[in-house]
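Undergrad: Got a structure here, written out as structure tokens. Questions coming.
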Amino acid sequence: MVNKLKLPEEIPQIPFLKSEDDALEFEIMTLKHLFSRADKLDHSIEGFHRLDFYNILFITTGEGEHYVDFQSYRYNKGSMLFISKRQVNAFRLKPDVDGFILLFTETFLTKNMIHSDILSFYRLYNYHLNSPLLNAPIDIRKNISNLIEEINTEYQQHNNYAREEVIQLLLKLLLLKAERLKQYSNESEKNSEWFHTFSLFRNRLKSHLNETRNANDYADMLNCSYKHLNVICKAFTGSTAKQFIDDFLILEIKRQLAVSDISVKELSYRLGFDEPTNFVKYFKRHTGKSPSRFKKSLTS
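Going from the sequence shown to my numbering is simple: count from 1 and add 8.
Next comes the structure, spelled out in structure tokens:
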């Protein structure tokens, strides 16, 4: 597992910190710089931590792995990692790895966005639809690299006139290029109406997960048939609505076990299970581990 992993009850949620002399809710730095000051931070970046803002990692040198929601993703030169706020992640520090990390809040990005821009942004950062890892082909990599270098240059600019607006526009351009690359990589086009329905389905899950895990109930909430909801889920995720609900719940259980000291019994009731034994059986059926064994594995 990840080196120096903190105990579950110690895993922190990291806010976006603004310095007194710069209220810009955006920051960019090299990975070398981040790694060099890792021991000075108030949390271990090699331990699981949850971010309260968005991240983009762009690798320019070396190869390694990064953990996002307990999954390991291998990266190399030209790779990009898109980490959404509230996702749990952890670094593996490697001295031969370099690149850039861009940190920004939703407020910063959406301040001057129109509706279509926001939809594009959420498609890119929808971790239920896309892998966080994007490998840019060689012919596109240079263009992405130049754009990030331009963002970095603008960020270091001492002249603050229109600085925020220029960075917003450059970042928006970067995200649009990344989404185009992801859509080019996908074999099927995603219907915007279906995406809206899928997004509503995901929001209903967040709100009602402790009440029902029945896909028919969610279809009723969305005023569509179970069959239609299944078609949409398969188009976006490759899974049925029922499988998506299970995957969604299992991920939420893992997060709760990782970032809090909640007991298995309390968590089972919080998530709507009648008995803790049913909760344990459910988790074990989908992961091959009991909740307590999964929790222990985070520090092994």
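Just so it is clear, CB atoms sit at the ideal spot from N, CA and C, and this is done for glycine as well.
Could you work out which residue in GLY72, PHE116, SER80 is closest to GLY86 when comparing CA atoms only?
TA: Of the candidates GLY72, PHE116, SER80, the one whose C-alpha sits nearest the C-alpha of GLY86 is GLY72.
Undergrad: Which residue from PHE206, ASP225, ASN222 puts its Cα closest to that of GLY246?
TA: GLY246 has its Cα closest to that of PHE206, out of PHE206, ASP225, ASN222.
Undergrad: Classify ILE237: buried if its beta carbon has 16 or more other beta carbons within 10 angstroms, exposed otherwise.
TA: Correcting the residue identity first, residue 237 is Leu in this sequence and not Ile. Its Cβ being crowded by 16 or more others within 10 Å, LEU237 is buried.
Undergrad: How long is the line joining the alpha carbons of LEU213 and SER44, rounded to whole angstroms?
TA: Distance between the alpha carbons of LEU213 and SER44 is about 40 Å.
Undergrad: Going straight from the alpha carbon of GLU197 to that of LYS303, what length do you get?
TA: The predicted model places GLU197 with a pLDDT of 45, which falls under 50 and marks its position as unreliable; any figure quoted below should be read in that light. If I take the Cα positions, the gap works out to 39 Å.
Undergrad: With a floor of 4 residues, list each alpha helix (DSSP H) that falls wholly inside the segment 238-269, ordered by position along the chain.
TA: Those alpha helix (DSSP H) runs which fall completely within the segment 238-269 and span 4+ residues are 249-267.
Undergrad: Please confirm if the segment 52-62 is in contact with the segment 93-101, defined as three or more CB-CB distances below 8 Å between the two stretches.
TA: Because the criterion of three Cβ pairs below 8 Å is met, the segment 52-62 and the segment 93-101 touch.
Undergrad: So, is VAL10 buried or exposed, given that buried needs 16 or more other C-beta atoms within 10 angstroms?
TA: Any answer about VAL10 is weak, because its pLDDT of 42 lies below 50 and its placement is not dependable; what the coordinates show is given next. That one is buried.
Undergrad: Over what stretch of residues does the alpha helix (DSSP H) that includes SER153 continue unbroken?
TA: Note, SER153: alpha helix (DSSP H), 146-163.
Undergrad: Which residues in the same chain have their Cβ closer than 7 Å to the Cβ of THR115, if we skip the five residues on either side of it in sequence?
TA: GLU33, listed in sequence order.
Undergrad: Find the nearest neighbour of LEU39 within the set LEU142, ALA186, ARG100, TYR81, judged by alpha-carbon distance.
TA: Nearest C-alpha to LEU39: ARG100.
Undergrad: Does the segment 149-164 come close enough to the segment 178-187 that 3 or more CB-CB pairs lie under 8 Å?
TA: Flag = yes, the segment 178-187 and the segment 149-164 touch.
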